[in-house]
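For the sequence shown, my numbering gives the first residue as 557, with consecutive numbering after it. We put the beta carbon where it would ideally sit given N, CA and C, even for glycine. Here is the structure we will look at, set down as structure tokens.
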Amino acid sequence: MQSGSAPALSRIAASWHRSLYTHGLDPADRGVREKVSESKFQQCREASEFLLRIAAPKLDQLFGLVGQSGCTVLLTDAKGILLDQRCSVGDASAFEEWGLWQGADWSEEAEGTNGVGTCITEQRQVIIHRNEHFLARNAGMSCMDAPIFGPDGDLAGALDISSARSDQTEAFNRLIAATAAQTARQIEAEAFRASFPKARIICADHDTSETAMLLAVNSDDIVVGATRGARKAFGLRTSGPIAPLPASDLLGREDGPSGFEKAERAAVVRALTRAAGNVSEAARALGIGRATLYRRMKRLGIGENSD
557 MQSGSAPALS RIAASWHRSL YTHGLDPADR GVREKVSESK FQQCREASEF LLRIAAPKLD
617 QLFGLVGQSG CTVLLTDAKG ILLDQRCSVG DASAFEEWGL WQGADWSEEA EGTNGVGTCI
677 TEQRQVIIHR NEHFLARNAG MSCMDAPIFG PDGDLAGALD ISSARSDQTE AFNRLIAATA
737 AQTARQIEAE AFRASFPKAR IICADHDTSE TAMLLAVNSD DIVVGATRGA RKAFGLRTSG
797 PIAPLPASDL LGREDGPSGF EKAERAAVVR ALTRAAGNVS EAARALGIGR ATLYRRMKRL
857 GIGENSD
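In structure tokens form, the structure reads like this:
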């Protein structure tokens, strides 16, 4: 009988193959780990300034949850450079000795199979537990990572939680990984909202998605932005600007996630309720025209006095 962990092990094997044959790394290498130069580090931070600003409070919250268990929380750019970190004073020297410090390069090219590098390379959530790391010098760590996609759908970086505790179990890793993934989705969502401040944001209720699923819709009911998860769900281009498209063309699809239509209906009903059934007032609150709201109400099966 095939093990349920076989797919995960297969992916680890694929990463080891890349580390050995594509990147030419030696698993026994114990050379000195180099950081990027200070000027390069500042350039990387400046390039990711928007992400850093959005993520900072989330990193604080996440560290508040996992810091007491001996973990460090790290944010990287899309190339695997560690940009920001939360770590207790007592653990700081240990993590710096491990090379988990701001300015370090944890791409697969530099460190082989590891949480940050493999997450970025494969653009998916990963758990790299102890000796699953390619380099022997990293085999004492457990790393749980989730990718963060920017408002344009491109990979923006990775959120990493690492621990060097020898007693850390794989079950505990899975719990931490779920927390990391949830925080990554929150960062994606807040970055997306900040990028479309004048748009109405429609969200799905698919909690199992690895990425935030949001659409930005303007006052003319045109979709002007979509997160990576929404792009995938609706078959839109993976990254970059999306072609203008009426929201109703997406939300009306029978094969689309039901959460979008439920969220839209709930938003309309809330606006009508607050306006005591006044359609003109509800339309103003939603930032759309009265005629647009009437069309939307008809499509959603909402009467003027609907509850």
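Supposed close pair residue i, residue j - CB separation, criterion 8 Å
i, j, result
"Ala733", "Ile683", "5 Å"
"Lys591", "Ala666", "With 8 Å as the limit, Lys591 and Ala666 do not qualify as a contact, their Cβ atoms being about 11 Å apart."
"Asp701", "Asp723", "The Cβ separation is near 21 Å, so there is no contact."
"Gly709", "Leu631", "Going by Cβ atoms, the distance from Gly709 to Leu631 rounds to 19 Å, so no, they are not a contact pair."
"Gly696", "Arg680", "Between Arg680 and Gly696 the Cβ distance is about 24 Å, and since that is not below 8 Å, they are no contact."
"Thr735", "Leu621", "6 Å"
Residue of the options minimising C-alpha distance to residue i
i, options, result
"Ile676", "Thr783, Ser571 and Gly845", "Ser571"
"Lys754", "Lys788, Ala611, Ser775 and Ile704", "Ser775"
"Arg609", "Arg693, Phe748 and Cys699", "Phe748"
"Phe728", "Cys699, Arg826 and Leu711", "Cys699"
"Thr578", "Arg851, Ser663 and Phe597", "Ser663"
"Phe537", "Gly668, Arg793, Pro707 and Leu576", "For the chain, the structure presents residues 557 to 863; residue 537 sits outside this window and is missing."
"Ala569", "Gly646, Trp654, Asn670 and Leu807", "Asn670"
"Ser795", "Met853, Arg756, Leu711 and Gly655", "Leu711"
"Ala634", "Pro613, Ser644 and Glu678", "Glu678"
"Thr674", "Arg840, Arg567 and Gly845", "Arg567"
"Ser719", "Leu792, Ser644 and Arg793", "Ser644"
Close-in-space but distant-in-sequence residues of the same chain around residue i (CB under 6 Å, 5 per side omitted)
i, result
"Leu828", "Ala838"
"Arg545", "With the chain represented from 557 up to 863, any question about residue 545 goes unanswered, as that position is not in the structure."
"Asn834", "none"
"Arg721", "Gly626"
"Val629", "Leu615, Leu618, Phe619, Arg642 and Ile717"
"Gly668", "Ser575, Leu581, Phe690 and Leu691"
Same chain, Cβ closer than 8 Å to residue i, neighbours up to 5 away in sequence not counted
i, result
"Ala745", "Cys759, Ala768, Leu770 and Thr783"
"Leu856", "Glu817, Glu820, Arg821 and Val824"
"Trp657", "Lys591, Leu638, Gln641 and Phe651"
"Val672", "Leu630, Thr632, Gly636, Leu638, Trp662, Ser663, Cys699, Asp701, Ala714 and Asp716"
For residue i, the three-state DSSP class (helix, strand or coil)
i, result
"Gly646", "helix"
"Arg574", "helix"
"Pro613", "helix"
"Phe705", "strand"
"Gln641", "strand"
"Ser566", "helix"
"Asp805", "helix"
"Thr794", "coil"
"Thr628", "strand"
"Lys591", "strand"
"Ile684", "strand"
"Ala740", "helix"
"Met853", "helix"
"Ser719", "strand"
"Arg586", "coil"
"Ala695", "coil"
"Ala847", "helix"
Euclidean distance between Cα positions of residue i and residue j
i, j, result
"Arg586", "Gly623", "28 Å"
"Arg787", "Ala650", "41 Å"
"Gly859", "Thr739", "38 Å"
"Ile522", "Ile778", "Outside the shown range of the chain, which is 557 to 863, sits residue 522, and nothing can be said about it."
"Gly843", "Ser836", "11 Å"
"Ser580", "Arg589", "Note that residue 580 is Gly in the sequence shown, not Ser. Computed Cα separation, rounded: 16 Å."
"Leu615", "Ser604", "15 Å"
"Ser751", "Phe705", "13 Å"
"Val780", "Pro703", "23 Å"
"Ala772", "Ala803", "9 Å"
"Arg574", "Gln598", "29 Å"
"Arg852", "Leu731", "41 Å"
"Ala612", "Glu688", "30 Å"
"Leu806", "Asp647", "49 Å"
Any chain E beta carbon closer than 8 Å to residue i
i, result
"Thr725", "Included in the structure is just one protein chain, with no chain E present."
Contacting residues, own chain, Cβ-Cβ under 7 Å from residue i (five flanking each side not counted)
i, result
"Gly560", "Its pLDDT being 45, under 50, Gly560 is placed unreliably in this model, and the value from its coordinates should be taken loosely. Correct list: empty, nothing qualifies."
"Ala584", "Ala692"
"Gly785", "Ser765, Thr767, Ala768 and Met769"
"Arg846", "Val835, Ser836 and Ala839"
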